[in-house]
Amino acid sequence: MREPSAVFVQVDPSGELVAPARAGAVISWSDGAVEVTAQRISRVALRWSEKLPSDALILGDAWERSYGDLQWRHQQPERLLPWYFLAHSAAGTFGMGVDVQPNAFCSWTVDGDGFTLWLDLRNGGGPTLLDGRTLTAATVRRFEDAGTPWQTLHAAVASLSTRLPARPEPAPVVGANNWYYAYGENFDEKAVLKDASTIVELADGHPVKPFSVVDDGWYPGGIASGGPWDRGTPGVFDDLAGTAAAIKAIGARPGLWFRPLLVREPNSSARPGPHDKPGRALDPTRPEVLETVRSDLERFRSWGFELVKHDFSTYDIFGNFGPAMGSRLTTGDWHFHDPSRTTAEIVLAFYREIRAAAEDVVLIGCNTVGHLAAGLVDVQRTGDDTSGRDWERTRKMGVNTLAFRLPQHNRFFTVDADCVPCTPQTPWELNERFLDLVARSGTALFLSIDPAARTERTDRALRDGIRLALSGGDTSGIEPVDWLVNTTPNEWRAGDGTIRYDWSQPWGADPIG
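Here it is as structure tokens:
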């Protein structure tokens, strides 16, 4: 692959981009691997000069979850494209990207005269103190046309994950999750066991067992309030091991949600920097924090849970969700307790600790950085929340992430486009279409089934969708036909046929949704 045309270095986040020699840095390039040697460093920019067709459409990925915002778009030079990009025109499709698990937050910008790879090598909001260490920041790859834009994206994603260990043949991940009808409130063990009974009933004897996940709200302190994660809410979940055993006795596999990097009270191991709960977001470079997270995973395993969903860690590390991260990632000039590693190195180490402690537990990463979590979670929530109260969120978030990140499925991780709701507040005829699409895709299928919403019609569709998903989906695969021009594709190819899904309500898509 051709070396970059020019290289620039930024030592301090507010400083200028200069030639490496002026920054006291050495940037080396070998077979696509970018190595950085410096005393302190914030960013590196690698520029390739290459004319792009004026009609080129550009596609990128997302830092963590996508937020209904993935799309092919005409050239916008300042548009941030995390991890990889594709450019499609009448001349064909090509792109560039970095291998998964890099040691930098990597993004691209594309304009008519070329494209730039931005390596964010900061530690929190300030420069990383490499102190002369040589760091392999990323391995860069170029993608050539593989036939169609869809086939090229598949080939691109495959090439970026070649260094991951071979994944075992993935079992379908299907189950119940109560979040989108309970939203963490007014549920107890009885309701959890009801969910387990419902998903087992609708699986109708399928040989692959479904999961039943106890989501947020099972512990003292209130929704998303943080740990410690050593007990359930008194009088509601007094015996989590007993709850897990009861779910297993019903015939489902028990799962549990937690937020590993937040505590309910201010803590001396908290990180500095922006957060809406100051003093409570834990610093993952502190050994005692990692030991606590390991202990939490070991406890969940000892209770008998076979799936763990870890959530909010990107927000608790940066103080931002994906759309607010942008190119700055975080605000302020703060550092982690250990300032000698890049934030990407720190996040990778954190994910690796969770993976090792979980052992054979199925891990779901939610609000986790996709390109760093690849190979370290079994399932990745690739889009922001769907909804049991507002169909527009399900249309915007769920359909978009499934369409544009489906090629990552079974390469980076099992893709999870989030739950299919079955609630009185949302139109079942539209949720049913989303259920059909997710089930056909073979990606993870979780369902939030409010007992008050069950009817003969819903049960029939739920049973068909669950059994199809437990069987691995449509063996011929699915493909969004109109994804070049539609952020929530309506036309999908399945085998030799095409299915049209109408996602809109009678008034169309609500812009306030």
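Using full-length UniProt numbering, read the sequence shown as starting at 1 and increasing by one per residue. In this text, a Cβ means the ideal position worked out from N, Cα and C, and glycines have one as well. Model, not experiment: these values are computed from the prediction.
* To do: Could you tell me whether the segment 113–127 touches the segment 45–54, using the rule of 3 or more Cβ pairs below 8 Å?
  => Here the segment 113–127 lies against the segment 45–54, with 3 or more beta-carbon pairs under 8 Å apart.
* Within its chain, find whatever has a CB closer than 8 Å to the CB of A23; leave out the 5 residues flanking it on each side and keep chain order. => Beyond the five residues adjoining it in sequence on each side, A23 comes within less than 8 Å, by CB distance, of V9, Q10, V11, A38, I41 in the same chain, given in chain order.
* Are the segment 204–222 and the segment 277–285 touching by the rule of at least three beta carbon pairs closer than 8 Å? -> Three or more Cβ pairs closer than 8 Å define a contact, and the segment 204–222 falls short of that threshold against the segment 277–285.
* Between which two residues does the beta strand (DSSP E) containing L478 stretch? -> Rather than Leu, the amino acid found at residue 478 in this sequence is Ile. Per DSSP, I478 belongs to the beta strand (DSSP E) from 478–480.
* **Inter-residue Cα distance where the pair is E78 and T152** => So the two alpha carbons sit approximately 24 Å from each other.
* **Whole-Å CB distance - V192 paired with T243, under 8 Å assumed** => Their Cβ separation, rounded to whole angstroms, is 6 Å, which keeps V192 and T243 in contact under 8 Å.
* To do: Out of A196, D204, R352, S471, point me to the one whose CA is closest to R294's CA.
  => Closest option to R294, Cα to Cα, is R352.
* **Residue of A245, P149, V289 minimising C-alpha distance to G95** => For G95, the nearest C-alpha among the options comes from P149.
* Within the segment 184–221, ranges of the alpha helix (DSSP H) (whole runs, at least 4 residues) -> You should have 189–203.
* Straight-line gap, R381 to V140 (C-alpha atoms, nearest Å) -> Approximately 25 Å between the Cα atoms of the pair.
* If you check the beta carbons only, do R43 and L57 fall under 8 Å apart? -> Cβ atoms of R43 and L57: not closer than 8 Å.
* Asked: What's the gap between the Cα of W108 and the Cα of D378?
  -> Answer to the nearest angstrom: the Cα atoms are 27 Å apart.
* Asked: Under three-state DSSP, which class holds R82?
  -> The residue asked about is misnamed: residue 82 is Pro in this sequence, not Arg. Judged by DSSP in its simplified three-state form, P82 adopts strand.
* Work out the CA separation of E288 and S471 for me, nearest whole Å. => Looking at the backbone, the Cα of S471 and that of E288 are separated by about 42 Å.
* For the 8 Å Cβ check, are there 3 or more pairs between the segment 418–437 and the segment 455–465? -> Touching, yes, given that three or more Cβ pairs across the two stretches are closer than 8 Å.
* To do: Count the CB pairs spanning the segment 60–70 and the segment 382–395 that are closer than 8 Å, and state whether there are at least three.
  => With a cut-off of 8 Å, the segment 382–395 and the segment 60–70 count as touching, because enough Cβ pairs lie within range.
* If you drop the 5 nearest sequence neighbours on each side, which residues of the same chain put their C-beta closer than 7 Å to that of residue 514? -> What the structure shows of the chain is the stretch from 1 to 513, and residue 514 is not part of that stretch, so it cannot be assessed.
* Asked: What do you reckon, are the CB atoms on E35 and T136 nearer than 8 Å?
  -> Yes, they are a contact pair.
* To do: Measure the C-alpha to C-alpha separation of R341 and L290 and round it to an integer number of angstroms.
  => The alpha-carbon atoms of R341 and L290 are separated by roughly 16 Å.
* **V7 versus L130, V26, P170, residue with shortest Cα-Cα distance** => When C-alpha distances from V7 are compared across L130, V26, P170, the shortest belongs to V26.
* With C-beta atoms as the reference, is V110 less than 8 Å away from Q71? -> No, they are not a contact pair.
* To do: Taking all protein chains shown into account, decide if T134 is buried (16 or more other Cβ within 10 angstroms of its Cβ) or exposed.
  => Exposed: under 16 other Cβ atoms inside 10 Å.
* To do: Would you check if there are 3 or more beta carbon pairs closer than 8 Å linking the segment 184–202 to the segment 430–439?
  => Contact annotation: the segment 184–202 does not touch the segment 430–439, with fewer than three C-beta pairs closer than 8 Å.
* Straight-line CA distance for L261 to P102? -> Going from the Cα of L261 to the Cα of P102 covers about 22 Å.
* Quick one: grab the DSSP three-state call for R2. => R2: coil per DSSP, three-state reduction.
* Could you tell me the boundaries of the alpha helix (DSSP H) in which W179 lies? => Residue range 179–182 is occupied by the alpha helix (DSSP H) that includes W179.
* Given D316, which residues of its chain have a CB within under 6 Å of its CB, disregarding the five upstream and five downstream residues? -> Around D316: L261, L262, A281.
* To do: Spatial neighbours of G184 within its chain, please: CB distance less than 6 Å, with the 5 preceding and 5 following residues excluded, ordered by chain position.
  => In chain order, D216, G217, I223 place their CB closer than 6 Å to the CB of G184, counting only its own chain and leaving out the 5 sequence neighbours on each side.
* Asked: Three or more beta-carbon pairs under 8 Å between the segment 385–392 and the segment 176–183, yes or no?
  -> In short, these stretches touch, since the Cβ pair count reaches three.
* Asked: Do three or more CB pairs link the segment 359–369 to the segment 303–311 at distances below 8 Å?
  -> Output reads yes: the segment 303–311 touches the segment 359–369.
* **Residues of its chain near D120, where Cβ-Cβ distance is below 7 Å and the 5 sequence neighbours each way are ignored** => So the qualifying residues of the chain are R43, A104, F105, L329.
* To do: Can you tell me which of V173, L202, P13 puts its alpha carbon nearest to the alpha carbon of D464?
  => Distances from the CA of D464 to each of V173, L202, P13 were compared; the closest alpha carbon is that of L202.
* What do you reckon, are the CB atoms on A461 and D474 nearer than 8 Å? -> For A461 and D474, no; Cβs fall outside 8 Å.
* Starting from E50, follow the alpha helix (DSSP H) in both directions and report where the run begins and ends. => Looking at the DSSP string, E50 is not in any alpha helix (DSSP H), and its letter there is neither H nor E.
* To do: Answer yes or no: do F446 and C419 have a C-beta to C-beta separation smaller than 8 Å?
  => In this structure, C419 lies closer than 8 Å to F446 by Cβ.
* **Residue(s) in a DSSP beta bridge with E35** => The beta-bridge partner set that DSSP reports for E35 consists of S28, T136.
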